[in-house]
Amino acid sequence: TCDGVYQFCFGERTNVVPDKATAVIDGKFKERFYKFLQDNDYSGSVKELDNGTIEVTVNGKSAHAMEPEKGLNAGFVLVEFLHKITNNKLVHFIHKYLSFDTRLTKTNLNYTHEVMGDLTCNVGVCRYENEEVKLLLNFRYPLNTDVEKMTRVLSEKAQEFGLTYKVISDSKPHYVDPESELVRTLHQAYIKYTNDTETPIMTIGGGTYARSFKNAVAFGPEFPNKEALIHQPNEYAILEDLFLATAIYAEAIYNLTR
Numbered sequence: 002t003c004d005g006v007y008q009f010c011f012g013e014r015t016n017v018v019p020d021k022a023t024a025v026i027d028g029k030f031k032e033r034f035y036k037f038l039q040d041n042d043y044s045g046s047v048k049e050l051d052n053g054t055i056e057v058t059v060n061g062k063s064a065h066a067m068e069p070e071k072g073l074n075a076g077f078v079l080v081e082f083l084h085k086i087t088n089n090k091l092v093h094f095i096h097k098y099l100s101f102d103t104r105l106t107k108t109n110l111n112y113t114h115e116v117m118g119d120l121t122c123n124v125g126v127c128r129y130e131n132e133e134v135k136l137l138l139n140f141r142y143p144l145n146t147d148v149e150k151m152t153r154v155l156s157e158k159a160q161e162f163g164l165t166y167k168v169i170s171d172s173k174p175h176y177v178d179p180e181s182e183l184v185r186t187l188h189q190a191y192i193k194y195t196n197d198t199e200t201p202i203m204t205i206g207g208g209t210y211a212r213s214f215k216n217a218v219a220f221g222p223e224f225p226n227k228e229a230l231i232h233q234p235n236e237y238a239i240l241e242d243l244f245l246a247t248a249i250y251a252e253a254i255y256n257l258t259r
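According to this note's numbering, the residues represented by the sequence shown are 2 to 259, in order.
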């Protein structure tokens, strides 16, 4: 039921950390909201609406869902304020089990793998309007994740707040042995043109078209120690890097077809 929070929204896509969150709340909380922003050094604004309500907005920082810790989820920031002024079940579910927890440690689902790394969780889209609720989560999980347990635990946590959890889609982890002929050939082509023998072969949480084939991997074109702005404002590529990548790809293709 509504107790001062009439609307609560953030995010447009599940694969991006939301950089803005808004809520329509009772106008009596305006000064309290301003104080919250000031005390915590957050960025935000207030817009006066009809019927004594206000629209509050907080700003975060976007990032790719495979590295949510590199962003600041604006939804979590707003929940930090809202959970103190409302009994809204969605707000309290997010606050108790999801807020500022990109590895699901609060639910003891923080799986990790020696090569593939940590499970990550991005709370990417939220809609609470006209008493209707939608919350979309994006998980990138390693090979050793117990998906059935994960589904069971999250379902139980959601039910605590009268919510229903269900899996909409599931793309299984894609993994190719770094000692395979394919990976070794690609790696040697990279080393030939960069002389970089220090950077290790790595996996990412991002989904690529490589998963469409059993023996395929994503290979570049991002180079180590370069600024990465994937799915963020001002994303760009350096021409010199693209030319170098082209030479590496040509070498790799030649060697793979010999």
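Using N, Cα and C, we set each Cβ at its ideal position, and we do this for glycine too.
These numbers were taken from a predicted model, which means no experiment stands behind them.
With distances taken Cα to Cα, identify the nearest neighbour of E241 among I249, L38, P143.
The count along the sequence shown starts at 1 and reaches residue 241 at position 240. If we check each option's Cα against that of E241, I249 comes out closest.
Could you round the C-beta distance between G76 and V124 to whole angstroms and report it? I think they count as a contact, below 8 Å.
Stepping through the sequence shown from its first residue, residue 76 is reached at position 75. Stepping through the sequence shown from its first residue, residue 124 is reached at position 123. Confirmed, Cβ separation roughly 6 Å.
Please state whether DSSP places I26 in a helix, a strand or coil.
Within the sequence shown, residue 26 is the residue found at index 25, counting from 1. Here I26 sits in strand by DSSP.
So, are the CB atoms of R153 and T121 less than 8 Å apart?
The count along the sequence shown starts at 1 and reaches residue 153 at position 152. The count along the sequence shown starts at 1 and reaches residue 121 at position 120. The answer is no: Cβ separation not under 8 Å.
Is R128 helix, strand or coil when you go by DSSP?
The residue given as residue 128 occupies position 127 in the sequence shown. DSSP places R128 in strand when its eight states are reduced to three.
Beta-ladder partner(s) of F11, from DSSP
As a working note, residue 11 is residue 10 in the sequence shown. F11 pairs with A22, C127.
Spatial neighbours of P179 in its chain, beta-carbon cut-off 6 Å, leaving aside the 5 residues before and after
Position 178 of the sequence shown, counted from the first residue, corresponds to residue 179. The residues are I202.
If you check the beta carbons only, do N89 and V184 fall under 8 Å apart?
The residue given as residue 89 occupies position 88 in the sequence shown. The residue given as residue 184 occupies position 183 in the sequence shown. Contact flag unset, no.
For T146, which of helix, strand or coil comes out of DSSP?
What you label residue 146 is simply residue 145 of the sequence shown in a count that begins at 1. In the structure shown, T146 sits in coil (DSSP, three-state: anything other than H, G, I, E or B).
Give me, in chain order, the residues of the same chain whose beta-carbon lies closer than 6 Å to that of F11; leave out the 5 immediate sequence neighbours on both sides.
Numbered from 1 along the sequence shown, position 10 holds the residue referred to as residue 11. If we look at F11 and ignore the five residues flanking it on each side, its Cβ neighbours are P19, A22, A75, G76, C127.
Helix, strand or coil at I55 according to DSSP, with G and I counted as helix
Walking along the sequence shown from the start, residue 55 turns up at place 54. I55: strand per DSSP, three-state reduction.
From which residue to which residue does the beta strand (DSSP E) around N326 run?
For the chain, the structure presents residues 2 to 259; residue 326 sits outside this window and is missing.
How close, in whole Å, do the beta carbons of T54 and G45 come, if the pair is a contact with beta carbons under 8 Å?
Reading the sequence shown from its first residue, position 53 is the one you call residue 54. Reading the sequence shown from its first residue, position 44 is the one you call residue 45. That belief does not hold up - the Cβ atoms of T54 and G45 are roughly 16 Å apart, past 8 Å.
For P143, count neighbouring Cβ atoms within 10 angstroms of its own Cβ and tell me buried if that reaches 16, exposed if not.
Residue 143 sits at position 142 when you count from the first residue of the sequence shown. With 16 or more Cβ atoms within 10 Å of its Cβ, P143 is classed as buried.
Would you report the Cα separation of K36 and F220, rounded to the nearest angstrom?
The count along the sequence shown starts at 1 and reaches residue 36 at position 35. The count along the sequence shown starts at 1 and reaches residue 220 at position 219. Distance between the alpha carbons of K36 and F220: 48 Å.
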